[in-house]
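Engineer: Got a structure here, written out as structure tokens. Questions coming.
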Amino acid sequence: MGITIRLLAHASFQIKTADQNIYIDPSTNHTGLKKDDFAPADLILVTHGHADHFDNKLLKKIRKLGSPVIAPPNLKKDIKGGIVWDLSPGQFMKMVTSEGTIWATEAYNVKRFRPNGEPFHPKGFGVGFLVKFGEKRIYHAGDTDLIPEMEKLEEVEVDVALLPSGDTYTMDINEAAEAALIIKPKIAIPMHLKGADPAMFKEKVESQSDTKVVILGEGEEYTLE
0 MGITIRLLAH ASFQIKTADQ NIYIDPSTNH TGLKKDDFAP ADLILVTHGH ADHFDNKLLK
60 KIRKLGSPVI APPNLKKDIK GGIVWDLSPG QFMKMVTSEG TIWATEAYNV KRFRPNGEPF
120 HPKGFGVGFL VKFGEKRIYH AGDTDLIPEM EKLEEVEVDV ALLPSGDTYT MDINEAAEAA
180 LIIKPKIAIP MHLKGADPAM FKEKVESQSD TKVVILGEGE EYTLE
């Protein structure tokens, strides 16, 4: 059985393996999603504390018997009940039940700032995740600009990269395409689009690399065999 990657909305994804139902950044805040759109979760990954990525009330509803949540250290105190593991960039967690491994990666802004000069996502505020099931590797970049640490991911041989492309708070289409060219995943899926045209991302990436771009609408899925 393959691994199913479903875009729920915005940067919220559901990843299903043969025996695990996993969510990354599940949220009903500013995403158009409702609580009933989510099935009970075996594992939840949260990249950072902005409301469109972190929905504490939803987490309480969908955690299966207190199933674990993995989040940056600054969120651990806010997540009550059940198991909460915090990961900083470079740290990893082995999941015995699914024979998977989850790494936290850097995710931060270098060129997108609030009016007071503070970045929307300062270094250390959030993370991305690299999730490995068997020999398959899925990278969710989190909310980030194009950053030097992405160069290390080429060595990982990422199968699917989920890349924010909407500008304002994250990479824009051109920067996300450059990230895909650096990381060299087999498949790249644009997310966090905020109205940006994913067809432009597809043209830029596929014309310059062997990476295939898959554009998912809300509720659509891709199966990684």
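Residue numbering for the sequence shown follows numbering that gives the first Met the number 0, beginning at 0 and increasing consecutively.
Note that CB positions come from ideal geometry on N, CA and C, so glycine has one too.
What is the DSSP secondary structure of Lys34, counted as helix, strand or coil?
Structural biologist: Taking the sequence shown and counting its residues from 1, the one referred to as residue 34 is at position 35. If DSSP states are grouped into helix, strand and coil, Lys34 belongs with the helices.
Engineer: To the nearest angstrom, how far is the alpha carbon of Gly81 from that of Gly194?
Structural biologist: Numbered from 1 along the sequence shown, position 82 holds the residue referred to as residue 81. Numbered from 1 along the sequence shown, position 195 holds the residue referred to as residue 194. So the alpha carbons of these two residues sit roughly 37 angstroms apart.
Engineer: Classify Leu57 as helix, strand or coil using the three-state DSSP reduction.
Structural biologist: Here residue 57 refers to the residue found at position 58 of the sequence shown. Leu57 falls in the helix class under three-state DSSP.
Engineer: Using the rule of at least 16 other Cβ atoms within 10 Å of the residue's Cβ for burial, across every protein chain shown, is Glu154 buried or exposed?
Structural biologist: One-based indexing of the sequence shown puts residue 154 at position 155. Exposed, because fewer than 16 other Cβ atoms sit within 10 Å of the Cβ of Glu154.
Engineer: Locate the beta strand (DSSP E) running through Phe12, then write down its first and last residues.
Structural biologist: As a working mapping, residue 12 is identified with position 13 in the sequence shown. Unbroken beta strand (DSSP E) run through Phe12: Ser11 to Lys15.
Engineer: Suppose contacts are defined by Cβ-Cβ distances below 9 angstroms. Is Pro189 in contact with Ile172 by that definition?
Structural biologist: What you label residue 189 is simply residue 190 of the sequence shown in a count that begins at 1. What you label residue 172 is simply residue 173 of the sequence shown in a count that begins at 1. It is a contact, given that the beta carbons lie within the stated cut-off.
Engineer: Here's the rule I'm using: 16 or more other beta-carbon atoms within 10 Å means buried, otherwise exposed. How should Glu105 be labelled?
Structural biologist: Reading the sequence shown from its first residue, position 106 is the one you call residue 105. Glu105 comes out buried.
Engineer: If I'm right that Lys234 touches Ala176 with Cβ under 8 angstroms, what's the distance once you round it to whole angstroms?
Structural biologist: What the structure shows of the chain is the stretch from 0 to 224, and residue 234 is not part of that stretch, so it cannot be assessed.
Engineer: Touch check for the region 114-125 and the region 54-65: three-plus C-beta pairs under 8 angstroms?
Structural biologist: Because the criterion of three Cβ pairs below 8 angstroms is not met, the region 114-125 and the region 54-65 do not touch.
Engineer: Give me whichever residues DSSP pairs with Asn20 in a beta bridge.
Structural biologist: Residue 20 sits at position 21 when you count from the first residue of the sequence shown. DSSP output for Asn20 lists Lys15 as bridge partner(s).
Engineer: Leaving out five residues on either side along the sequence, give the residues of the same chain with a beta carbon under 7 angstroms from the beta carbon of Glu150.
Structural biologist: In the sequence shown, residue 150 corresponds to position 151, counting from 1. Closer than 7 angstroms at Cβ, skipping near neighbours: Ile181.
Engineer: Using only CA atoms, which one of Lys110, Phe132 and Lys76 lies nearest to Thr16?
Structural biologist: Your numbering for residue 16 matches position 17 in the sequence shown. It is Phe132 whose Cα lies nearest to the Cα of Thr16.
Engineer: Excluding the 5 residues preceding and the 5 following Lys122 in the sequence, name in chain order all residues of the same chain whose CB lies nearer than 6 angstroms to its CB.
Structural biologist: As a working note, residue 122 is residue 123 in the sequence shown. So the qualifying residues of the chain are Tyr107.
Engineer: Is it buried or exposed, Thr46, if we count other Cβ atoms within 10 angstroms and call 16 or more buried?
Structural biologist: For the purposes of this step, residue 46 is taken as the residue at position 47 of the sequence shown. The residue is buried, with at least 16 neighbouring Cβ atoms inside 10 Å.
Engineer: Between Gly127, Ser164, Gly165 and Ile137, which has its C-alpha nearest Met148's C-alpha?
Structural biologist: On the sequence shown, residue 148 is found 149 positions in, with the first residue counted as 1. As written in the sequence, residue 148 is Glu, which differs from the Met given in the question. Nearest of Gly127, Ser164, Gly165 and Ile137 to Glu148, Cα basis: Gly127.
Engineer: Applying the 10 Å Cβ sphere with the 16-neighbour rule, what's the burial state of Ser206?
Structural biologist: For the purposes of this step, residue 206 is taken as residue 207 along the sequence shown, with counting starting at 1. So Ser206 counts as exposed.
Engineer: Pull up the DSSP beta-bridge partners for Asp85, would you.
Structural biologist: Taking the first residue of the sequence shown as position 1, residue 85 is located at position 86. BP columns for Asp85 point to Ala70.
Engineer: Could you give the uninterrupted runs of the beta strand (DSSP E) lying entirely in the region 137-197, keeping only those of 3 residues or more?
Structural biologist: Segments of the beta strand (DSSP E) lying fully in the region 137-197: 159-163 and 186-190.
Engineer: Looking only at C-alpha atoms, which of Ala38, Ile69 and Ala10 sits nearest to Ser87?
Structural biologist: Position 88 of the sequence shown holds residue 87. For the residues Ala38, Ile69 and Ala10, the minimum Cα distance to Ser87 belongs to Ile69.
Engineer: Measure the C-alpha to C-alpha separation of Asn73 and Phe124 and round it to an integer number of angstroms.
Structural biologist: For the purposes of this step, residue 73 is taken as the residue at position 74 of the sequence shown. For the purposes of this step, residue 124 is taken as the residue at position 125 of the sequence shown. C-alpha separation (whole angstroms): 7 angstroms.
Engineer: Can you grab the Cα-Cα spacing for the pair Leu32 / Ser26, in whole Å?
Structural biologist: The count along the sequence shown starts at 1 and reaches residue 32 at position 33. The count along the sequence shown starts at 1 and reaches residue 26 at position 27. Approximately 7 angstroms between the Cα atoms of the pair.
Engineer: Counting along the chain, where does the beta strand (DSSP E) carrying Lys131 start and finish?
Structural biologist: Indexing the sequence shown from 1 puts residue 131 at position 132. Unbroken beta strand (DSSP E) run through Lys131: Gly125 to Phe132.
Engineer: Which residue comes first and which comes last in the beta strand (DSSP E) that contains Ile2?
Structural biologist: Counted from its first residue, the sequence shown places residue 2 at position 3. Unbroken beta strand (DSSP E) run through Ile2: Ile2 to Ala8.
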